[in-house]
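These protein sequences, in sequence, are chains A and B.
Under this note's numbering, the residue at position 102 of the first sequence is numbered 101, and the numbers go up by one with no gaps.
Under this note's numbering, the residue at position 69 of the second sequence is numbered 68, and the numbers go up by one with no gaps.
Each residue gets a CB set at the ideal place from its N, CA and C atoms; glycine is no exception.
Number of protein chains: 2
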Amino acid sequence: MTAEVFKGRLITVQIDERGREVVQHPAASVIVAVDDQKMVWLVRSSRPVAEGSLVEVPAGMVDPGESPEQAARRELHEECGVQADRWEELASAYSSPGYSDERIHVFLATELRHVGGEEALGEIEGRLQAPMEEALELCSANLQSLAALLLAGRRLAAGGRPSHPG
Amino acid sequence: MTAEVFKGRLITVQIDERGREVVQHPAASVIVAVDDQKMVWLVRSSRPVAEGSLVEVPAGMVDPGESPEQAARRELHEECGVQADRWEELASAYSSPGYSDERIHVFLATELRHVGGEEALGEIEGRLQAPMEEALELCSANLQSLAALLLAGRRLAAGGRPSHPG
Chain A
0 MTAEVFKGRL
10 ITVQIDERGR
20 EVVQHPAASV
30 IVAVDDQKMV
40 WLVRSSRPVA
50 EGSLVEVPAG
60 MVDPGESPEQ
70 AARRELHEEC
80 GVQADRWEEL
90 ASAYSSPGYS
100 DERIHVFLAT
110 ELRHVGGEEA
120 LGEIEGRLQA
130 PMEEALELCS
140 ANLQSLAALL
150 LAGRRLAAGG
160 RPSHPG
Chain B
0 MTAEVFKGRL
10 ITVQIDERGR
20 EVVQHPAASV
30 IVAVDDQKMV
40 WLVRSSRPVA
50 EGSLVEVPAG
60 MVDPGESPEQ
70 AARRELHEEC
80 GVQADRWEEL
90 ASAYSSPGYS
100 DERIHVFLAT
110 ELRHVGGEEA
120 LGEIEGRLQA
130 PMEEALELCS
140 ANLQSLAALL
150 LAGRRLAAGG
160 RPSHPG
């Protein structure tokens, strides 16, 4: 038996049968987009944490009716104005399974084209590109970005082309 | 201006000045403990997610008055009965900064001794050891464990001894 103790616009809090407070939160897609110059596309996002904003890989929630990959394609375009011809899902994992059911889908996007149409600066406060090692430094305060970058680095180092043509 | 809309035992939910629902949650320490045979110590933990339990690296919340490293030492002992002579903090990062202030401290623990005294099975449903590549497979549904394992793998591959004697 679980009991709902808070219901907001985005998150719900339940007390589960073991008495644990559990947050229900929509899934999200996180994208490591690497261009032909091996630069990783990054954003600085407004976040409700002490720093006020963080450098991250592009990411966003999966909307109702969307697949994680559709969300990834939409977010990469909205946040960076970029389309990618090749997509590969590298992981599907819980961000913090001790108290939340939020599931994160990690994608590697390659064969990029900057097509424009990115949203005006707002929640996204800036855009930048960096080589992988520098991206790891820049994203050091976001564990999802770190995990995604490290998974992408392994995948790219393992060689071969991603397996799913776009 | 923020408004508190839910206060539980562990988590608090606020609406921030931008109208975002933000969870406040204690920090946690996550430990990659690697023994002299290069085996990683893992646990199967009861978690409030669809799978019911997940294989993870040892982890737990930082108690009031504890440092993250003290919490890491305590959790590794409680969950695995292991003490480590060498500790290194590899990252301090938000688990899901879009909606939570939970901060994760990632530690690499080496020079392990199994001293016993681990807690009885309960929330911890089992214990196992695995080589790094197998650990990554086993922990594939926990993004914090994946990030910690990948960071530890990089650190170990970079060679040298961890810099903080225990």
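- Message: Along the chain, where does the alpha helix (DSSP H) containing P130(A) start, and where does it finish?
- Response: Taken as a continuous stretch (DSSP letters only), P130(A) belongs to no alpha helix (DSSP H), being part of the beta strand (DSSP E) at 123-130.
Between which two residues does the alpha helix (DSSP H) carrying Q143(B) extend?
-> Q143(B) -> alpha helix (DSSP H) spans 142-156.
Closest by CA to T1(A), which one among L9(A), Y98(A), I14(A), R8(A)? Comparing Cα positions, the closest option is I14(A).
S66(B): which of V48(B), V29(B), L53(B) sits nearest, CA to CA? Residue V29(B) holds the alpha-carbon nearest to the alpha-carbon of S66(B) among V48(B), V29(B), L53(B).
Using alpha carbons as the reference points, say which of R8(B), E20(B), G7(B) lies closest to D100(B). The shortest C-alpha separation from D100(B) is found at E20(B).
Review point. Per DSSP, what kind of secondary structure is H113(A) in: helix, strand or coil?
Key: Residue state, collapsed to three classes: strand.
Could you tell me the boundaries of the alpha helix (DSSP H) in which E74(B) lies? E74(B) -> alpha helix (DSSP H) spans 67-79.
message: Counting C-beta neighbours from all protein chains within 10 Å, is the total for R72(A) 16 or more, i.e. buried, or is it exposed?
response: Per the 10 Å Cβ criterion, buried.
Exercise for the section: Anything in chain A within Cβ reach of F106(B), meaning under 7 Å, just list it in chain order. Expected result: Residues of chain A passing the Cβ test: none, with the nearest at roughly 13 Å.
Three-state secondary structure (DSSP) of L135(A): Taken through DSSP and simplified to helix, strand or coil, L135(A) comes out as helix.
Handout entry: Closer than 8 Å to chain A by CB, S95(B)
Key = So yes, S95(B) belongs to the interface.
Quick one: measure Cβ to Cβ for L89(B) and L111(B), integer angstroms, because I've assumed they're closer than 8 Å. Actually they are not in contact, since the Cβ atoms of L89(B) and L111(B) sit about 17 Å apart, beyond 8 Å.
For I103(B), go through chain A and note every residue whose CB falls closer than 7 Å to its CB, in chain order.
Within 7 Å Cβ-Cβ: L142.
Q) Can you tell me whether P130(B) is buried or exposed, with buried defined as 16 or more other CB within 10 angstroms of its CB? A) Residue environment: P130(B) is assigned as exposed (fewer than 16 neighbouring CB atoms within 10 Å of its CB, all protein chains considered).
From the DSSP secondary-structure annotation, give me the bridge partner or partners of E55(B).
V42(B), per the DSSP bridge assignment.
Next on the checklist: Please confirm whether L145(B) has its beta-carbon closer than 8 Å to some beta-carbon of chain A.
Outcome noted: It does; some Cβ of chain A falls within 8 Å.
Practice item. Can you give me, in chain order, the residues of the segment 43-56 of chain A that have a beta carbon less than 7 Å from any beta carbon in chain B? Key: From the segment 43-56 of chain A, only R46, P47, V48, L53 have a Cβ closer than 7 Å to chain B.
Exercise for the section: Could you pull out every residue in the same chain whose Cβ sits closer than 6 Å to the Cβ of D34(B), ignoring the five residues on either side in sequence? Expected result: Closer than 6 Å at Cβ, skipping near neighbours: L111.
Which of the three DSSP states, helix, strand or coil, is assigned to K37(B)?
-> Assigned with DSSP and collapsed to three states, K37(B) falls in coil, not helix or strand.
Strictly under 8 Å for the Cβ-Cβ distance: is S66(B) near chain A by that measure?
So no, S66(B) is outside the interface.
Could you give the C-beta distance for L53(A) and A140(A), rounded to a whole number, given that I count them as a contact under 8 Å? Contact holds; Cβ gap of about 5 Å.
Could you tell me the alpha carbon to alpha carbon distance between E117(A) and A146(B), rounded to whole angstroms? Inter-residue distance for E117(A) and A146(B) is about 29 Å (C-alpha atoms, whole angstroms).
Suppose contacts are defined by Cβ-Cβ distances below 8 Å. Is Q69(B) in contact with V114(B) by that definition?
For Q69(B) and V114(B), no; Cβs fall outside 8 Å.
### Query
Taking only beta-carbon atoms, is S162(B) less than 8 Å away from chain A?
Annotation note: pLDDT 49 at S162(B) (below 50); position unreliable, coordinate value reported separately. False, the Cβ-Cβ gap to chain A never drops below 8 Å.
Note to self: Measuring only the C-alpha atoms, how far is M38(A) from L137(B)?
What the structure shows: Just so you know, the alpha carbons of M38(A) and L137(B) end up roughly 31 Å apart.
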